[in-house]
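Engineer: This structure is in structure tokens; I'll ask about it shortly.
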Amino acid sequence: MSTIQPVILTDDHDVLLGFYTQLFGAQEIFRVPEEGPAFYVGLRIGDTDLGLVAKAGPGAGAAPRIVLSIEVDDVDVTLGRVTALGGSLNGGPNDMPWGQRVAHIKDPDGNPVNLTQPVPGETAAPTARRMFELLEPICLVTFLADECNEELAALGHRTYWDGYFASRAAPLGRVPAQVVHAAFYNFAEGEAARHIPSAWETIPPEASVAARERGSAASLRRILGPELAGSPGLVRAADLTTKAATNAPTEGRVMYAAMRTLPVPGDPVARLWHSATMLREHRGDGHVAALLGARISGTEAHVLSALAQDIHPPESFGRIHHLPKERLTAVMEGLRDRGLVDADGHFTDAGRETRRRIESVTDDLAAPPYDALTPAELDELTSVLEPLTAKVVAAGSQ
């Protein structure tokens, strides 16, 4: 055993994020899931890491508000000794996307304890993963803040999803819904067709993508405030992010290649958002390739993501719970037939390894843009992004 990490149970991640960020200079290092309401948010204060966990997650019913997270040499071996010593098992083990194998137990008094073990080869996040952690909150203003939706609504888009599909798919041109479905990958059959091409019939795609940029830049500018938004550090972050985002190969990267056809904004705030979003689409294209290589469909990917977050049954996950019951049943049966989930709908060892491998391949495939930066530029980009991202994270990208 080498480290003990506190995990704080919370009703509201954003309130605690603001508290620890403003009081102690905490930095968010990752969150799960990456979009939507968070289950787990990792923070770093100085040299110490701690986690904020939604009370609905493992250990939520326990009285303590702070849970010990203890790193062990071998999670599985330690689990084998728990019940003999009077403890009980409470979930897992699961291989998590931030490079740890995690299990949940209770001590003889019922106190929750998390057991963690570094996954070999993943103890140090690669450059692509660190850049993703720093840039993702900037990209999320598009989906979580009000300005983008307001700009799209002002154009005449009737719903959030009309605006989402019309603006995100706009760089592809006036393609059929089948093409959008293929490029986006993780939406269920027929979901793209509910919005494309109808969302473009009265509103040109070019107008939608311009509204998306205006709204996103306005959100980012508001969240950062005039001092950070007008700082030399932001200009430098925009310049270096743009250098990375405009120097990667486009082969096999449909969404990234489409965004590369758009003009890069001159305004530094808009340019930072635009380039961060290009890198997000580049990573997304690679993630699709990783899923295809593992023969995991978009809906199956959501199931694996839910299981990695200890959401059970996985069919209750927010990204898929609305799908027809027969469709979800077929997906789960397919995963069972392949040995990725067991009869109770939990991960098998093969399922955990598949999920781990997909995340690892995604990181590897997201690395090429950063080859355009020197080591000194990478260090500088990290340095100038950190205060910007911390401010955005403290606001919940809203």
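Under this note's numbering, read the sequence shown as residues 27 to 424, first letter to last. Think of the CB as a built atom: it goes at the ideal place given N, C-alpha and C, for glycine as much as any other residue.
Distance check for I337 and A82, CA to CA, integer angstroms please.
Structural biologist: Here the model assigns A82 a pLDDT of 48, short of 50, so the residue's position is not dependable and the matter cannot be decided.
Engineer: Run the CB neighbour count on N140, radius 10 Å, all protein chains shown included, and call it buried at 16 or more, exposed below.
Structural biologist: buried
Engineer: Mapping the DSSP letters down to three states, classify G106 as helix, strand or coil.
Structural biologist: helix
Engineer: Report the rounded CA-to-CA distance for A192 versus F158, giving the unit in angstroms.
Structural biologist: 25 Å
Engineer: With DSSP as the reference, identify every bridge partner of E97, one or two as the case may be.
Structural biologist: Paired residue(s): T142.
Engineer: Run through DSSP, which three-state label would D37 get?
Structural biologist: coil
Engineer: For P340, count neighbouring C-beta atoms within 10 Å of its own C-beta (all shown protein chains included) and say buried if the count is 16 or more, exposed if not.
Structural biologist: buried
Engineer: Output the distance between the C-alpha atoms of T185 and H39, rounded to the nearest integer angstrom.
Structural biologist: Between the C-alpha atoms of T185 and H39 there is a straight-line separation of about 27 Å.
Engineer: For G312, I'd like the list of residues in its chain whose CB is within less than 6 Å of its CB, leaving aside the five on either flank, ordered along the chain.
Structural biologist: T388, L391 and A392
Engineer: If we count the other Cβ atoms within 10 Å of its Cβ and call it buried at 16 or more, is S423 buried or exposed?
Structural biologist: Answer is buried; the Cβ neighbour count reaches 16.
Engineer: DSSP on G85, reduced to helix/strand/coil?
Structural biologist: For G85, the predicted structure reports a pLDDT of 39, less than 50, and the residue's modelled location is therefore unreliable. The matter cannot be settled from this model.
Engineer: When you compare only the Cα positions, how much space is there between V98 and V108?
Structural biologist: The alpha-carbon atoms of V98 and V108 are separated by roughly 13 Å.
Engineer: Which first and last residues belong to the alpha helix (DSSP H) in which I384 is found?
Structural biologist: D375 to L391
Engineer: Is it the case that the Cβ atoms of L178 and R248 are separated by a distance below 8 Å?
Structural biologist: no
Engineer: Grab the span of the alpha helix (DSSP H) containing W187 for me, first residue to last.
Structural biologist: First-last of the alpha helix (DSSP H) with W187: Y186 to R194.
Engineer: Using the Cβ count rule (16 or more neighbours within 10 Å means buried), how would you classify E148?
Structural biologist: Note that E148 scores a pLDDT of 44, beneath 50, so its modelled location is shaky; the value from the coordinates is reported in the next line. Buried is the call here.
Engineer: How many angstroms separate the CA atom of L354 from the CA atom of T400?
Structural biologist: One Cα belongs to L354, the other to T400, and the distance between them is close to 46 Å.
Engineer: Our contact map puts A302 next to I164 with C-beta atoms below 8 Å; I'd like the distance itself, whole angstroms only.
Structural biologist: 5 Å
Engineer: Quick check: the Cα distance between A420 and Q143, rounded to an integer number of angstroms?
Structural biologist: Straight-line Cα distance between these residues: approximately 29 Å.
Engineer: Helix, strand or coil: which one does DSSP assign to T408?
Structural biologist: helix
Engineer: Which whole runs of the alpha helix (DSSP H) in the region 327 to 369 are 4 residues long or more, in chain order?
Structural biologist: 351 to 363
Engineer: Whose C-alpha, out of N120, R220, G199 and E215, is nearest the C-alpha of L349?
Structural biologist: E215
Engineer: Quick check: is the beta carbon of F210 nearer than 8 Å to any beta carbon in chain B?
Structural biologist: Among the chains of the structure shown, chain B does not appear; only one protein chain is present.
Engineer: Report, in whole angstroms, the separation of the C-beta atoms of L332 and I384, which I expect to be a contact under 8 Å.
Structural biologist: The sequence shown places Ala at residue 332, rather than the Leu named in the question. Not really, about 14 Å apart at Cβ, beyond 8 Å.
Engineer: From the DSSP output, in three-state form, read off A136 for me.
Structural biologist: The residue you asked about is not Ala; residue 136 is Gly in the sequence shown. Three-state result, G136: coil.
Engineer: Would V79 and L35 be called neighbours here (beta carbons separated by less than 8 Å)?
Structural biologist: yes
Engineer: Can you have a look at V418 and say buried or exposed, based on whether 16 or more other CB atoms are within 10 angstroms of its CB?
Structural biologist: If you draw a 10 Å sphere on the C-beta of V418, you find 16 or more other C-beta atoms in it, and that means buried.
Engineer: Under the rule that 16 or more other beta-carbon atoms within 10 Å means buried, what is R200, buried or exposed?
Structural biologist: exposed
Engineer: Using only alpha-carbon positions, find the residue among A315, R309, P32 and A356 that is nearest to T325.
Structural biologist: A356
Engineer: With 16 as the cutoff for other CB atoms within 10 Å, does S245 come out buried or exposed?
Structural biologist: buried
Engineer: If I'm right that P231 touches A196 with Cβ under 8 Å, what's the distance once you round it to whole angstroms?
Structural biologist: 4 Å
Engineer: With DSSP run on the structure shown, which of helix, strand or coil describes V128?
Structural biologist: strand
Engineer: For a test of the three-state rule: what should DSSP assign to S242, helix, strand or coil?
Structural biologist: helix
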